[in-house]
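Using numbering that gives the first Met the number 0, you'd call the opening residue of the sequence shown number 0 and step up by one each time.
We put the beta carbon where it would ideally sit given N, CA and C, even for glycine.
Accompanying notes for the structure given below.
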Amino acid sequence: MTTKRQAFDVVISGAGVPGLALAALLGRAGLNVAIIDPAPIPAPDDVADNARTAALMHASVNVLRATGVWDDVARFGAALETLRIVEDSTGGKDRAVTVDFHASDIDLPWFGINMPNDRLRAGLGLACNDIQNITFFIPARVADYAADDTGISLTLDDKTHLRARLLIGADGRNSNIRTIAGIECDEFDPGQSAITCLVQHTRPHGHVSTEHHRPGGPFTTVPLPGAHHSSIVWVEYADDADAFMRMRKNEFLQALQDRAGTALGTVTLDSDPTCWPLKIMRAQKLTAPRMALMAEAAHVLHPMGAQGLNLSLRDCAVLAEVIVDAARVGIDIGSRSVLDTYESRRRPDIVTRVAATTGLNKMASNDFSILRYLRRAGLKTVDSITPLKKFAMNEGVMPGYDDSRLARGENL
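Rendered as structure tokens:
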């Protein structure tokens, strides 16, 4: 019987995509890593496609390439070659304003790749399993931890005791690690819910992702592999979303068709719709003694603009970089200086993205006539000024705050 290692360089609580990606990066760099999660990671052959997908921008794809997983999962994704914004907040009363952003205009083959979350998680789990210096504690949960001058001691809910130099909280929006650390959050309830589903359609998507701005929130169609297959992210006021979810299937499908319009032809459901309430959150601090928060343990964004997982993978890239750089020169990876570097590099991006997506949602879903006029005029202005349009596209693909080597496609 093999005894599991009990002492590590880094312990990661949370085996979602960001936590597994960080584990793979650190493991490939030679650090000893433990991964803790209460939920098992599915094997790739056991994954059933569901409606939760993520539009991964270029920087995120670069990070995932560095984990070693990308070649194994790329076939499950679809390229987003054109991003279309449709300003239709009058619900059809006025002619919609449509602006297309083409990746080819900034010399790129695509803006991003739309990837099923579970496919990506399963692939990363398999990649981590193949790295000898990564150890899994699944199912398990951190019950408590205490930091001292030389490291951090953890107790799991099965009474297992671990020791590490650094703990990473990547355990989601209801982070247990954040709670134990006593880090408070700034939270905002937009009063909306998101409905997601997979659809088939009679017209090809042409690798165009379309975001309709409507009074209740954005309605977005995102291409999937196969010209007639897409995912839907449909944001509505919470009460309206509940009403749609209570509809009979044919009524729901008609409401979905009304919002999708004719661009995709006739739409049919390819999965059961799911719905969850939206919450916006930002942790007031990213670090505590020998602990760092990342991904949705640190921030939860509105889905408008598909920024969530991309922001989380930027956390992952910077955190991997500061940890590996410190380890290479013999600096304690759990020291205050390393944690301060991570916090100072990531906070501006996080603050900006949380504020921007929240503000854009408020503006796009507000039916006040002056704001409606400004939205429509603003889109027309962006569309008519080529340098401004190219700046907006470049910022979406590679944000100015993104300064990590991995995001740029370089090695750790």
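- Task: With DSSP as the reference, label THR357 as helix, strand or coil.
- Result: helix
- Give every residue of the same chain whose Cβ lies closer than 6 Å to the Cβ of ARG202, excluding the five residues on either side of it in the sequence, and list them in chain order. LEU263 and GLY264
- Whether ALA65 touches LEU405 by CB criterion (8 Å): yes
- Message: To test your reading of the DSSP string, which unbroken alpha helix (DSSP H) runs of 4 or more residues are found completely within the stretch 7-57?
- Response: 16-27
- Assuming LEU79 contacts ASN113 (C-beta within less than 8 Å), just tell me the rounded distance between them. 6 Å
- Task: Would you decide whether ASP87 is buried or exposed? Buried here means 16 or more other CB atoms lie within 10 Å of its CB.
- Result: buried
- Hey, PRO447 and VAL234 are a contact pair by Cβ (cut 8 Å); roughly how many whole angstroms apart? This structure cannot settle anything about residue 447, because the visible part of the chain is limited to 0 through 411.
- Item | Whether GLU320 touches LEU411 by CB criterion (8 Å) | yes
- Message: Let me confirm a value: LYS388 is counted as buried when at least 16 other C-beta atoms fall within 10 Å, else exposed. Which label applies?
- Response: Confidence is the limiting factor: at LYS388 the pLDDT is only 49, short of 50, which leaves the residue's position unreliable, though a coordinate-based value still follows. Answer is buried; the Cβ neighbour count reaches 16.
- Query: According to DSSP, is LEU123 helix, strand or coil?
  - Reply: helix
- Under three-state DSSP, which class holds PHE110? coil
- Quick one: grab the DSSP three-state call for LEU370. Unreliable positioning characterises LEU370 in this predicted model, as indicated by a pLDDT of 46, which lies under 50. The coordinate reading is nonetheless provided below. DSSP places LEU370 in helix when its eight states are reduced to three.
- Query: Cβ atoms of ILE279 and PRO189: under 8 Å apart, would you say?
  - Reply: yes
- Message: With a threshold of 7 Å on Cβ separation, who are the neighbours of ASP156 within its own chain once the five nearest residues in sequence on each side are excluded?
- Response: ALA139, ARG140 and ALA142
- Task: Within 10 angstroms of the Cβ of GLY225, are there 16 or more other Cβ atoms? Answer buried if so, exposed if not.
- Result: exposed
- Determine, using beta carbons only, whether VAL221 and ALA47 come nearer to each other than 8 Å. no
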